[in-house]
Every structure is written in structure tokens, then in C-alpha cells.
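Colleague: Sharing a structure with you now.
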Amino acid sequence: MTEPAAPPSTEQSPDFQSAEFHPAGAGGTSELLRLAFPLIITFVSHVVMGVADTLVMGQVGTAEQGGVGLGSALFWSFSSFAAGLLSTVTTFVAQAYGARKHDEVRHSVVVGMGLALPLAAMLVALSFWVPELITLFGTNAEAKPHVVVYLRWMLCSTPLFLLNFVLIGFFRGISDTVTPMIVTLLVNVVNITLNIVFVFGHFGFPEMGVQGVALATVISMGLSVIVFFALYFSRTHHAKYHTRKPLPFAQIPFRRFLKVGVPIGISWFLENMAFNIMSLYIAAFDPASTAANTIVFQLCHISFMPAVGISIAASTLVGKYIGAGRPDLAVRSARRSLVLSVAYMGTMGIVFITAPAFFIGLFNKDPQVLQLGVLALHLAAAFQIFDAMGVTIDGVFRGAGFTLLPMLIRLGVMWAIFVPSIFLLGHYVFETGIAAGWTAALIGLGLQGITLLIAFFVYPWWNKGRV
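Numbering (my numbering), first residue to last: 392 to 858.
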């Protein structure tokens, strides 16, 4: 894979030659791994949490297991626009950090918090119409009440979710991925413990089932926000970034932030809604289809989440080096991240093909769930490399503030090809929703990955300058 040609650097931040901004091997694999490894651990821990929820609910029942999986997917879809918009915090912080503009680091976090609260309020309001939304989307009658309970709890926790997102974006933007890793690991231990206590009713608590899983997640999220706020306002970060200093409203750069962030939010929303249409289509068949779909998504996360960690590391490095006036190092970081991500997810695809029944059986041994799950996992294995291209290049473009074209690519591929393919394949080709949905995913993610790869090499994204 050849590196897209970047113009030689003509301007550099005055402090770029310091060890902090120009380490040995800048833009190389070792620097990428130093930043990405804690991110990978963080995202793997999120996968472990999802797996733990799935395993726990599998002990309760197939309908409950499918309900929590579908409710979790719907929550992410409803909140994905806000999360995508707020992911821009990392881009702005990283570019300000690279340019040594410490006040702008604080400005970016304040913008994120200022946008998080009204966005969260809208999502909390949505919780009042959860039963109607579920009916509108359609799902099987057995899973529906469990989806409603879980989704309502999660929507009410949106202020915590989005504030957590902003604060983590600050730490990642200043190239500190270790702190979020440590906090996330500790909080996840609390979450798993509370899961077992609340779901099965230990230590005097009643058996809460699905509600227990949701409550454990909300409490853990609240704990995470408290810890991150304490660290953000700490003496160390205040001394460098003036985190405790108020920012007059007139100085808050909402417009620049929205220009970059809105396309990301729309892009994330479009892709997640497309996948939830797929999940809802599959869920309309039977509880076994819902459970198999949930399990395969959890397995895909084992492959996908480390690639997300690599993508965020790439976004941070690209942002930092563009801010520092070194587009050549931004391109080098991007290329290394793409190679690493494709190698990892390609390997996971091979693993999935090798023993699909074993992996599905870890979650649910129902014969129908096993049969459907094996079919879906084979199809998922086939798109791992394309998914790696898409998620990594998306992170690179986000770090450069180049967000409009990726949004248009997702709009075209996911909604003009992927979503219609689900229904066309289900009606004319396959007898099961699982086969139709995951074949459509292979087509959609394949085209999206190839299109983004072409854009990566053709468009001079590294030459945009600071956002």
C-alpha cells in the first residue's frame, strides 16, 4: 500500500521540536501503538461489558437476551448523532494541542459541554415515547417489553453518557489515552459486579432482570463522569489548560465546531440507523433470530472495537501533526494506522470462519440460534477487511477536520444500497432475516470501505490546515 504524497512542511508550531511534540519515530508504528494500545484495552473492556450483559441475560432467557441487545443498539442509534458531533472535541483539542494553543484546548471542551446538555435533554424527552417508537420500528412480541425497559433507562442516562464522551475526548486530544483506560477498567469492574447483584438479586436486592442490567450501567456511567470531572479540574490540568477558568459565551466557537461536527454526527446516525433497521428487520422473525443477531454483533465488536481504538489514535495523531504544521507526519500516521487495522481485522475474519459454532455456542446453545448465528458470522467474517478500511480512514479524516465527503459516502452507500438490499434480499432471495441482513451488510460495508480508500489516496485531506 503506497503512501499518499504529502507536501513538505512549510510551517511548524514554534515548540514542535520539543520531545513532547517530536518524539523519536514521530508518525511511525511505535508512536501509534503507544497511543493506540490503551485505547484498544479500553474498547476491548467495552466489548467485555457487552459480552457480560449478553451472557448474564442469556441465563435469564432468550427473549431478555435479545431485548437487551436490541435496546442497546437502538440507544446507540438514537444517541449517535450527538456522539458523532461531540467526537469533534478530540479533533479540536488535538489540533490545538499540536499548535500549543492551550486556551483553545479549554474552549473545545467548553463547546462540547455546552452542546452536550441540550442534546441530552432532547434524548431524555424521547424516553417518554419509547413504546410508540418500538411499535413503529416493529419487533417480536416476546422481546418488545424488554427492549422498552432497557431503552427507557438508557435514554434517561444520556446526560451522563454525553458528558463522559466530551471528557474522554479531552484526554484523548492531549494524547493521554492511559487515564481513560484506567478509569474505564475500574468502572467496568463496578458495572459487572452490579450486573450480577441487580439481575439475580444478591445482598438483599430484588431480582430486577433487564432493569438490573440498565441500572448497573447508569450507576457506572455516573461514577465515570464524577472521576473524569475531578481529573479535568485537577491542579495539573488547570495549571496547563486553565480548566477552572470560566469562558465568556461570546468566545465560545460554536460555529467552527458545528461545521466540522455536524457531518460526523449525521454520518454516525445514518450508519447506525441503517444497522438498526437491519436488526429490527431480523427481530421481526422470531426470538432466535434476535438472539443470534445480538450474539454476532457482540463477536463483531471483538474485532471492530480495537480497530476503533486504532482509528481514534490515528485521529489524534493526524490532528496533532496538522496543528503542528507537519502534514507529512499526519500522512505517515494515517498510513500506519490503516495497515495495522486491516491486518488485525483481517486476522479476526479468519478466526471467525475457522470455528463459528464454537463462538456462537459460548453465548447460547439453542440449536436454532446456533444455526442462524453460524450463518451470520460467516458473512460478517467476509467484510472484516472492508470494515477496517472504513473505520480507520474515517478516523483519519476526522482528525484532519475533513468530514463532509465521508458523510456523503455513507449517505450514498448505506441508504441507497445497504438498506434497500436488506428488504430486496429478504423478499426475493433468502428465507431468513439473518441471511438477508448480513448479506446486505457485506455489500454495504464492502462498497463503503473501497470508496473511502479511494478518497484517502485521491483527495489531499492532509492539506486542509487547522479547523
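Heads up, the beta-carbon is just placed ideally off N, CA and C, and yes, glycines get one too.
Is residue 667 closer than 7 Å to residue 464 when the C-beta atoms are compared?
Modeller: Here residue 464 refers to the residue found at position 73 when the sequence shown is read from its first residue. Here residue 667 refers to the residue found at position 276 when the sequence shown is read from its first residue. For residue 464 and residue 667, yes; Cβs fall inside 7 Å.
Colleague: So which of 520, 557, 716 and 467 has the shortest CA-CA distance to residue 508?
Modeller: On the sequence shown, position 117 is the one that residue 508 refers to. Measuring from the Cα of residue 508, the nearest candidate turns out to be 557.
Colleague: Assuming residue 454 and residue 516 make a contact with CB atoms under 8 Å, what is their CB distance in whole Å?
Modeller: If you number the sequence shown from 1, residue 454 lands on position 63. If you number the sequence shown from 1, residue 516 lands on position 125. Not quite, the Cβ-Cβ distance comes to about 28 Å (not below 8 Å), so this is no contact.
Colleague: Below 6 Å CB to CB, which residues in the same chain sit around residue 518 once its five sequence neighbours on both sides are set aside?
Modeller: Working through the sequence shown from its first residue, we reach residue 518 at position 127. Cβ neighbours of residue 518 beyond the five flanking positions: 543, 546 and 547.
Colleague: Does residue 667 come out as helix, strand or coil in the three-state DSSP assignment?
Modeller: Numbered from 1 along the sequence shown, position 276 holds the residue referred to as residue 667. It is helical.
Colleague: Quick one, are the C-beta atoms of residue 698 and residue 736 less than 7 Å apart?
Modeller: By 1-based counting over the sequence shown, the position of residue 698 is 307. By 1-based counting over the sequence shown, the position of residue 736 is 345. Yes, these two residues count as a Cβ contact at 7 Å.
Colleague: Look up residue 625 in the DSSP assignment and say whether it is helix, strand or coil.
Modeller: By 1-based counting over the sequence shown, the position of residue 625 is 234. Three-state DSSP puts residue 625 in coil, outside helix and strand.
Colleague: How many angstroms separate the CA atom of residue 647 from the CA atom of residue 822?
Modeller: As a working note, residue 647 is residue 256 in the sequence shown. As a working note, residue 822 is residue 431 in the sequence shown. The alpha-carbon atoms of residue 647 and residue 822 are separated by roughly 49 Å.
Colleague: Given a cut-off of 7 Å on the beta-carbon distance, is the pair residue 701 and residue 427 in contact?
Modeller: Position 310 of the sequence shown, counted from the start, is the residue given in the question as residue 701. Position 36 of the sequence shown, counted from the start, is the residue given in the question as residue 427. Yes, the Cβ-Cβ distance between residue 701 and residue 427 is below 7 Å.
Colleague: Assign residue 532 to one of three DSSP states: helix, strand, or coil.
Modeller: Residue 532 sits at position 141 when you count from the first residue of the sequence shown. DSSP places residue 532 in coil when its eight states are reduced to three.
Colleague: In chain order, which continuous runs of the beta strand (DSSP E) of length 3 or greater are located wholly inside the stretch 724-798?
Modeller: List check, beta strand (DSSP E) in window: nothing returned.
Colleague: Under the rule that 16 or more other beta-carbon atoms within 10 Å means buried, what is residue 421, buried or exposed?
Modeller: Against the sequence shown, residue 421 aligns to sequence position 30. Flag for residue 421 reads exposed.
Colleague: How far does the alpha helix (DSSP H) with residue 569 in it reach, from first residue to last?
Modeller: For the purposes of this step, residue 569 is taken as residue 178 along the sequence shown, with counting starting at 1. Where residue 569 is concerned, the enclosing alpha helix (DSSP H) stretches over 569-591.
Colleague: Quick check: the Cα distance between residue 522 and residue 469, rounded to an integer number of angstroms?
Modeller: Start at 1 with the first residue of the sequence shown, and residue 522 comes out as number 131. Start at 1 with the first residue of the sequence shown, and residue 469 comes out as number 78. In this structure, the CA atom of residue 522 is about 14 Å from the CA atom of residue 469.
Colleague: Helix, strand or coil: which one does DSSP assign to residue 615?
Modeller: Residue mapping note: residue 615 aligns to position 224 of the sequence shown, counting from 1. Looking at residue 615 - three-state DSSP - the assignment turns out to be helix.
Colleague: Measure the beta-carbon distance from residue 623 to residue 496 and round it to whole angstroms, keeping in mind my assumption that it falls under 8 Å.
Modeller: Sequence index remark: in the sequence shown, residue 623 carries index 232 (1-based). Sequence index remark: in the sequence shown, residue 496 carries index 105 (1-based). Actually they do not touch by this definition, with Cβ atoms about 11 Å apart.
Colleague: Does the distance from the C-beta atom of residue 733 to that of residue 779 stay below 7 Å?
Modeller: Position 342 of the sequence shown holds residue 733. Position 388 of the sequence shown holds residue 779. In this structure, residue 779 lies closer than 7 Å to residue 733 by Cβ.
Colleague: Nearest to residue 554 by alpha carbon, out of 604, 503, 568 and 540?
Modeller: Position 163 of the sequence shown, counted from the start, is the residue given in the question as residue 554. When each option's Cα is compared against that of residue 554, the closest is 503.
Colleague: With a threshold of 16 other CB atoms inside 10 Å of the CB of residue 433, please say whether the residue is buried or exposed.
Modeller: Within the sequence shown, residue 433 is the residue found at index 42, counting from 1. Buried, since its Cβ has 16 or more Cβ neighbours within 10 Å.
Colleague: For residue 527, does the count of other Cβ atoms within 10 angstroms reach 16, so buried, or fall short, so exposed?
Modeller: Within the sequence shown, residue 527 is the residue found at index 136, counting from 1. By the Cβ neighbour-count rule, residue 527 is exposed, with fewer than 16 other Cβ atoms within 10 Å of its own.
Colleague: Classify residue 677 as helix, strand or coil using the three-state DSSP reduction.
Modeller: Taking the first residue of the sequence shown as 1, we reach residue 677 at position 286. Of the three classes helix, strand and coil, the one that applies to residue 677 here is coil, per DSSP.
Colleague: Just confirm the distance between the C-beta atoms of residue 770 and residue 833, as a whole number of angstroms; I'd bet it's less than 8 Å.
Modeller: For the purposes of this step, residue 770 is taken as residue 379 along the sequence shown, with counting starting at 1. For the purposes of this step, residue 833 is taken as residue 442 along the sequence shown, with counting starting at 1. Correct: roughly 5 Å between the Cβ atoms.
Colleague: Considering only their Cβ atoms, is the gap separating residue 837 from residue 777 smaller than 7 Å?
Modeller: Within the sequence shown, the letter at position 386 stands for residue 777. Within the sequence shown, the letter at position 446 stands for residue 837. Yes; because the gap between Cβ atoms is below 7 Å, this pair is in contact.
Colleague: Given that a residue counts as buried once 16 or more other Cβ atoms are within 10 Å of its Cβ, and exposed if not, what is residue 488?
Modeller: Counting from 1 along the sequence shown, the entry for residue 488 is found at position 97. That one is buried.
Colleague: I'd like to check one pair, residue 656 with residue 472: are the Cβ atoms closer than 7 Å?
Modeller: Against the sequence shown, residue 472 aligns to sequence position 81. Against the sequence shown, residue 656 aligns to sequence position 265. Contact check for residue 472 against residue 656 passes: the beta carbons are separated by less than 7 Å.
Colleague: Please state whether the Cβ-Cβ distance between residue 683 and residue 763 is less than 7 Å.
Modeller: To locate residue 683, count along the sequence shown from 1; it is residue 292. To locate residue 763, count along the sequence shown from 1; it is residue 372. Contact flag set, yes.
Colleague: Classify residue 832 as helix, strand or coil using the three-state DSSP reduction.
Modeller: The residue given as residue 832 occupies position 441 in the sequence shown. Three-state result, residue 832: helix.
Colleague: With 16 as the cutoff for other CB atoms within 10 Å, does residue 440 come out buried or exposed?
Modeller: Numbered from 1 along the sequence shown, position 49 holds the residue referred to as residue 440. Its Cβ being crowded by 16 or more others within 10 Å, residue 440 is buried.
Colleague: Return helix, strand or coil for residue 548, following the three-state DSSP convention.
Modeller: The sequence position of residue 548 within the sequence shown is 157, counting from 1. Looking at residue 548 - three-state DSSP - the assignment turns out to be coil, as it is neither helix nor strand.
Colleague: Have a look at 627, 795, 538 and 852 and flag the residue whose alpha-carbon is nearest the alpha-carbon of residue 659.
Modeller: Position 268 of the sequence shown, counted from the start, is the residue given in the question as residue 659. If we check each option's Cα against that of residue 659, 795 comes out closest.
Colleague: Using 7 Å as the threshold, is the C-beta distance between residue 541 and residue 459 below it?
Modeller: One-based indexing of the sequence shown puts residue 541 at position 150. One-based indexing of the sequence shown puts residue 459 at position 68. For residue 541 and residue 459, yes; Cβs fall inside 7 Å.
Colleague: Contact defined as beta carbons within less than 8 Å: I believe residue 665 pairs with residue 806. What is the distance between those atoms, to the nearest angstrom?
Modeller: In the sequence shown, the residue the question calls residue 665 occupies position 274. In the sequence shown, the residue the question calls residue 806 occupies position 415. So it is a contact: roughly 6 Å between Cβ atoms.
Colleague: Between which residues of its own chain and residue 946 is the CB-CB distance below 7 Å, once the five residues before and five after are set aside?
Modeller: Because the chain is modelled from 392 through 858, residue 946 falls outside the range shown and cannot be assessed.
Colleague: Which same chain residues, not among the five before or five after residue 850, have their C-beta less than 8 Å away from its C-beta?
Modeller: Position 459 of the sequence shown, counted from the first residue, corresponds to residue 850. If we look at residue 850 and ignore the five residues flanking it on each side, its Cβ neighbours are 793 and 796.
Colleague: Answer with buried or exposed for residue 593, where buried requires no fewer than 16 other C-beta atoms within 10 angstroms of its C-beta.
Modeller: By one-based count along the sequence shown, residue 593 stands at place 202. Its Cβ having fewer than 16 others within 10 Å, residue 593 is exposed.
Colleague: If you count every other CB in all the chains shown that lies within 10 Å of the CB of residue 408, and 16 or more means buried, which is it?
Modeller: Numbered from its first residue, the sequence shown carries residue 408 at position 17. Unreliable placement is indicated for residue 408, whose pLDDT of 47 sits below 50; the coordinate value is still reported in the next sentence. Per the 10 Å Cβ criterion, exposed.
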